[in-house]
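Position 192 of the sequence shown, counting from 1, maps to 200 under this note's numbering, and the rest follow consecutively.
All C-beta atoms, glycine included, are put in the ideal place defined by N, C-alpha and C.
This report concerns only the one structure given below.
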Amino acid sequence: MDINDRFWNASADELKQGYIQENGYYLCLLDGFIAEQGVIYPVGNRLYDAERFIQHHIREAYGSVFEYLTQLDKKLTGLTEHQSHLLRLFHQGKSDREIMEETGISSASTIRNHRFSLKEKERQAKLFLAMMELLKEKDQHAPIFVQPHKSARMLDDRYNVTEEENEQVLDKYFPHGRDGLLKTFKLKEKNRWIVLREIARRFEPGRTYTEPEANAVIQSAFSDYVTVRRYLIEYGFIDREEDGSRYWLVN
């Protein structure tokens, strides 16, 4: 199970803290960063145990789990950009007056209405989650869907893929195994996402690649690394510096 799957399968409490404990280490659910239990990590003039160090990593990298979650695509959170912005301001402890000045909202009553709408979404989310949990107990015919990657830049029907479909596509286009060569890159949109997702797994989380190194990783799957690299970036699997000097996997 990769970091993306761990993120989507985490409980609400695990998502709130942003990390889980597994087999002698703490794993950051946001990017896959690992801190080993029993290791003491120096941070400035302080020494942190593994759990405190993973908490420090989240603060340094993202500010907070809340900041990270509210920056996710609106199709993942179900929030508009305006609602996400307001949530961040509420989380920062801003007063209604300060929020009015920063956002241009004309009255405190409008802000109260936004707060009420967000609480309404919370109530709806609780009920929907309870219904879906109860449904899992009865719906024996529901397929298992492949989870979209959190960094996806366009969420549409191409992500409607079951695990069975995913395996069939990979078997077809990687006839010599998942680590082998891709048969062709002339693919339908849905199949392209599946193939790109698999190629992206060849990049190591947390590692920065030079352009030749990134090209070499892609070439291990397909000779036309330029085209595949462009689509990996377009789909949000990898990102790069503007000058192309560094590439990295987006978690």
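Given 8 Å, three or more beta-carbon pairs between the stretch 176 to 192 and the stretch 102 to 116: With a cut-off of 8 Å, the stretch 102 to 116 and the stretch 176 to 192 do not count as touching, because too few Cβ pairs lie within range.
Test item: CB-CB of I66 and V73 under 9 Å: In the sequence shown, the residue the question calls residue 66 occupies position 58. In the sequence shown, the residue the question calls residue 73 occupies position 65. Yes, Cβ-Cβ distance for I66 and V73 is below 9 Å.
Cβ neighbour criterion (16 or more within 10 Å) applied to P156: Position 148 of the sequence shown, counted from the start, is the residue given in the question as residue 156. Counting C-beta atoms within 10 angstroms of its own C-beta, P156 has 16 or more neighbours from the protein chains shown and is therefore classed as buried.
Residue range of the beta strand (DSSP E) that includes D179: Mapped onto the sequence shown, residue 179 falls at position 171. In the DSSP assignment, D179 falls outside any beta strand (DSSP E) and lies within the alpha helix (DSSP H) extending over E171 to Y181.
Residue range of the beta strand (DSSP E) that includes I28: Walking along the sequence shown from the start, residue 28 turns up at place 20. Counting along the chain, the beta strand (DSSP E) containing I28 begins and ends at Y27 to E30.
Neighbourhood of E219 by C-beta distance below 6 Å, restricted to the same chain and skipping five residues each side: Your numbering for residue 219 matches position 211 in the sequence shown. The residues are G252.
Proximity winner among A160, E172, R166 and E173, relative to A208 (alpha-carbon distances): Along the sequence shown, one-based indexing puts residue 208 at 200. For A208, the closest C-alpha among the options A160, E172, R166 and E173 is that of A160.
Per DSSP, cross-strand counterpart(s) of P50: Counting from one through the sequence shown, the residue named residue 50 turns up at place 42. By DSSP's assignment, P50 forms a beta bridge with L55.
Those runs of the alpha helix (DSSP H) which lie wholly inside the stretch 155 to 243 and span at least 4 residues: For the stretch 155 to 243, whole alpha helix (DSSP H) runs of length 4 or above, ordered along the chain, are 171 to 181, 197 to 208, 219 to 227 and 233 to 242.
N-terminal and C-terminal residue of the beta strand (DSSP E) that I246 is part of: For this step, residue 246 is matched to residue 238 along the sequence shown. That run of the beta strand (DSSP E) goes I246 to R248.
Residues of its chain near T170, where Cβ-Cβ distance is below 6 Å and the 5 sequence neighbours each way are ignored: Stepping through the sequence shown from its first residue, residue 170 is reached at position 162. Hits under 6 Å: P151 and F153.
Local conformation of A43 per DSSP, three classes: Reading the sequence shown from its first residue, position 35 is the one you call residue 43. Correct three-state label for A43: strand.
Reference K129; option with closest CA among A222, Q91, T111 and N199: The residue given as residue 129 occupies position 121 in the sequence shown. Minimum Cα distance to K129 is reached at Q91.
Cut-off 8 Å between Cβ atoms - residues of its own chain near K191, not counting five sequence neighbours on either side: Taking the sequence shown and counting its residues from 1, one reaches residue 191 at position 183. Cβ neighbours of K191 within its own chain (closer than 8 Å, five residues either side excluded): K180, Y181, F182 and P183.
Unbroken stretches of the beta strand (DSSP E), 3 residues or longer, contained in the stretch 67 to 126: Listed in chain order, there is nothing to give.
Stretch-stretch touch, CB-based, cutoff 8 Å, three pairs: the stretch 215 to 232 with the stretch 244 to 259: The stretch 215 to 232 is in contact with the stretch 244 to 259.
Bridge partner(s) assigned by DSSP for F153: Stepping through the sequence shown from its first residue, residue 153 is reached at position 145. As DSSP reads the structure, F153 sits in a beta bridge with T170.
9 Å Cβ cutoff, H99 in contact with chain D: In summary, chain D is missing from the structure at hand, where a single protein chain is found.
Cross-strand partners of L35 (DSSP beta bridge): Here residue 35 refers to the residue found at position 27 when the sequence shown is read from its first residue. Note: L35 sits in a beta bridge opposite I28 and I42.
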